[in-house]
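Scroll down for the structure; my scribbles are underneath it.
2 protein chains.
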Amino acid sequence: MNDIVLRPIGVIHSPHTTPEKTPIQPAFASGIAGTIEVEPAYEEGLADLEGFSHIWVLFAFDRAGEVKLKVKPFLDDTPRGVFATRAPRRPNPIGLSLLRLVRREGRVLHVEDVDILDATPLLDIKPYSGRFDVREGARCGWLDKVDEESARRLGRRGFEG
Amino acid sequence: MNDIVLRPIGVIHSPHTTPEKTPIQPAFASGIAGTIEVEPAYEEGLADLEGFSHIWVLFAFDRAGEVKLKVKPFLDDTPRGVFATRAPRRPNPIGLSLLRLVRREGRVLHVEDVDILDATPLLDIKPYSGRFDVREGARCGWLDKVDEESARRLGRRGFEG
Numbered sequence: 062m063n064d065i066v067l068r069p070i071g072v073i074h075s076p077h078t079t080p081e082k083t084p085i086q087p088a089f090a091s092g093i094a095g096t097i098e099v100e101p102a103y104e105e106g107l108a109d110l111e112g113f114s115h116i117w118v119l120f121a122f123d124r125a126g127e128v129k130l131k132v133k134p135f136l137d138d139t140p141r142g143v144f145a146t147r148a149p150r151r152p153n154p155i156g157l158s159l160l161r162l163v164r165r166e167g168r169v170l171h172v173e174d175v176d177i178l179d180a181t182p183l184l185d186i187k188p189y190s191g192r193f194d195v196r197e198g199a200r201c202g203w204l205d206k207v208d209e210e211s212a213r214r215l216g217r218r219g220f221e222g
Numbered sequence: 062m063n064d065i066v067l068r069p070i071g072v073i074h075s076p077h078t079t080p081e082k083t084p085i086q087p088a089f090a091s092g093i094a095g096t097i098e099v100e101p102a103y104e105e106g107l108a109d110l111e112g113f114s115h116i117w118v119l120f121a122f123d124r125a126g127e128v129k130l131k132v133k134p135f136l137d138d139t140p141r142g143v144f145a146t147r148a149p150r151r152p153n154p155i156g157l158s159l160l161r162l163v164r165r166e167g168r169v170l171h172v173e174d175v176d177i178l179d180a181t182p183l184l185d186i187k188p189y190s191g192r193f194d195v196r197e198g199a200r201c202g203w204l205d206k207v208d209e210e211s212a213r214r215l216g217r218r219g220f221e222g
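Sequences listed follow chains A and B, in order. Our numbering numbers the first residue of the first sequence as 62 and each following residue consecutively. Our numbering numbers the first residue of the second sequence as 62 and each following residue consecutively.
Dropping the structure here:
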């Protein structure tokens, strides 16, 4: 199969400059603000996005380091297959974060719950829809064994901004 | 910013061979079965995935045609910004589908709710987690105006497999 070549369509700005201190998920980054600056050439594609309170942001893990097929997840002590985790060191380093869209100003999106490193290349934005993206009663493997209190305490990784 | 080069990690097999007859979302493809065949080099990364009932599948829209920044969504008559839709003709043609994982046999995943064309290049797999991926009370812009009955009737696009 052929390689797929992607060109970043913008950049994500956040208060996170150190991977080790960046929250591991938007759910653990509640209220942390950032902006997404989309290239002028793509501004037209942002029309109607302001109707959505939440958006999927796809981005490049551009500082993830070497690929690992088994990783020790942040919330667990047992090595897991990388595809059973959200860890960044993936064969194709694409990140997926569900952010709160606070408002749009032209080609700049003001977002919250940001768990993404500053200056990260933006690849795509998709609207979040409960109708499309929610499954009731899903089984979540090893993640189901992580208790909520530990997840909340550890997942934010000390960010106090 | 530099281009991002991705190499497919496998291939998705489905009964869908015609874009116009492929359901527009997994939510409208209930029970439609397919398989995901991961390259042998990446099999180790699938460990622990079988604990999850649902997975995010990221793939290349390799037959999407030219990019359009304004698209008429399948469920709507008004042109919308492409980033406010899930349409395939995106600047970076990455698809995102939430599939039901029925079982894993080595490097083959048996999945359901497949809304993806046969022979589509696989880019990444991530576990679905209600804790990470659900937002209560989200506003969903133009999608909120599409009634459930029309969505269900149209969204499957006549697939009867």
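Beta carbons are placed, not taken as given, at the ideal position from N, Cα and C, and that holds for glycine. Here the structure is a predicted model, which means the values were calculated and not measured.
Status (buried if at least 16 other CB within 10 Å, exposed otherwise) for residue i
i	result
B:R133	Per the sequence shown, the amino acid found at residue 133 of chain B is Lys instead of Arg. So B:K133 counts as exposed.
A:R213	exposed
B:K206	exposed
B:G219	exposed
B:K138	Looking at the sequence provided, one finds Asp at residue 138 of chain B rather than Lys. Counting Cβ neighbours within 10 Å, B:D138 comes out exposed, since fewer than 16 surround it.
B:N63	exposed
B:R161	buried
A:A102	exposed
B:V66	exposed
B:T181	buried
B:A164	Residue identity differs from the one stated: residue 164 of chain B is Arg in this sequence, not Ala. So B:R164 ends up on the exposed side.
A:R124	exposed
B:S190	buried
B:T78	exposed
A:G198	exposed
A:P152	buried
B:D176	buried
B:R13	Residue 13 of chain B cannot be examined here, being either before or after the span of chain B that is shown, 62 to 222.
B:S211	exposed
A:P87	buried
A:G95	buried
B:G126	exposed
First and last residue of the uninterrupted beta strand (DSSP E) at residue i
i	result
B:F120	115-121
A:E98	94-99
B:V143	Element bounds for B:V143: n/a, residue is neither H nor E.
B:L170	169-173
Under the three-state DSSP convention, the category residue i falls into
i	result
A:S158	strand
B:V195	coil
B:G216	helix
A:G106	helix
B:P80	helix
A:P69	coil
A:E221	coil
A:P152	coil
A:L130	coil
B:L204	helix
A:A88	helix
One or two residues paired with residue i in a DSSP bridge
i	result
B:P188	B:I116
A:R164	A:H171
A:P182	A:V72
CB-CB length for residue i against residue j, believed under 8 Å
i	j	result
A:F122	A:P84	No, A:F122 and A:P84 are not in contact; Cβ-Cβ is about 15 Å, not under 8 Å.
A:R217	A:F89	5 Å
A:I70	A:V99	6 Å
A:K187	B:L157	6 Å
A:G142	B:D109	5 Å
A:L51	A:F120	Given that chain A is displayed from residue 62 to residue 222, the structure contains no residue 51 of chain A and the question cannot be resolved.
A:E173	A:G92	6 Å
B:L159	A:R192	Not really, about 11 Å apart at Cβ, beyond 8 Å.
B:R200	A:G202	With 8 Å as the limit, B:R200 and A:G202 do not qualify as a contact, their Cβ atoms being about 31 Å apart.
A:H115	B:R196	5 Å
B:K131	A:E105	6 Å
B:L178	B:S75	7 Å
CB contact check: residue i to chain E, cutoff 9 Å
i	result
B:T96	Looking for chain E here will not work: the only protein chains present are A and B.
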